[in-house]
Amino acid sequence: LHLVYSGGDKLYLPVENIELLSRYGSAGGEAQLDKLGGVAWQARVARIKGRV
2 LHLVYSGGDK LYLPVENIEL LSRYGSAGGE AQLDKLGGVA WQARVARIKG RV
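Every position in the sequence shown, counted from 1, becomes a number in my numbering once 1 is added.
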């Protein structure tokens with residue numbers, strides 16, 4: 002399983018860890034793609050870590 006980020010970056014996830022995925026976005030709209038490791042991506046990760 003692979004996730005595609007802006008710029009064509011891919012993050013591969015073993016299917017054994019598929020429970021780590023959750024849906025992001027709403028029906029009928031496209032989710033904004035971040036560049037993997039970019040500033041927006043790092044800010045999103047930090048914000049989510051703060052919630053956990």
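We put the beta carbon where it would ideally sit given N, CA and C, even for glycine.
At the level of alpha carbons, what is the spacing between residue i and residue j?
i, j, result
"residue 2", "residue 33", "20 angstroms"
"residue 42", "residue 15", "21 angstroms"
"residue 51", "residue 45", "10 angstroms"
"residue 6", "residue 23", "15 angstroms"
"residue 53", "residue 31", "25 angstroms"
Please return the same chain residues whose Cβ sits closer than 6 angstroms to the Cβ of residue i, not counting the five positions on each side in sequence.
i, result
"residue 4", "12"
Excluding five sequence neighbours on each side, which residues of the same chain lie with their C-beta closer than 8 angstroms to the C-beta of residue i?
i, result
"residue 64", "With the chain covering 2 to 53 only, the question about residue 64 has no answer from this structure."
Under 7 angstroms from any heavy atom of the ligand NAD, does the C-beta of residue i make it?
i, result
"residue 40", "With respect to the ligand NAD, the structure shown offers nothing to examine, as it has no ligands at all."
Do you know whose CA, among the options, lies nearest residue i's CA?
i, options, result
"residue 9", "21, 39 and 30", "39"
CB-CB under 7 angstroms to residue i, same chain, minus the five flanking residues each way: which ones, in chain order?
i, result
"residue 35", "6, 7, 41, 42 and 45"
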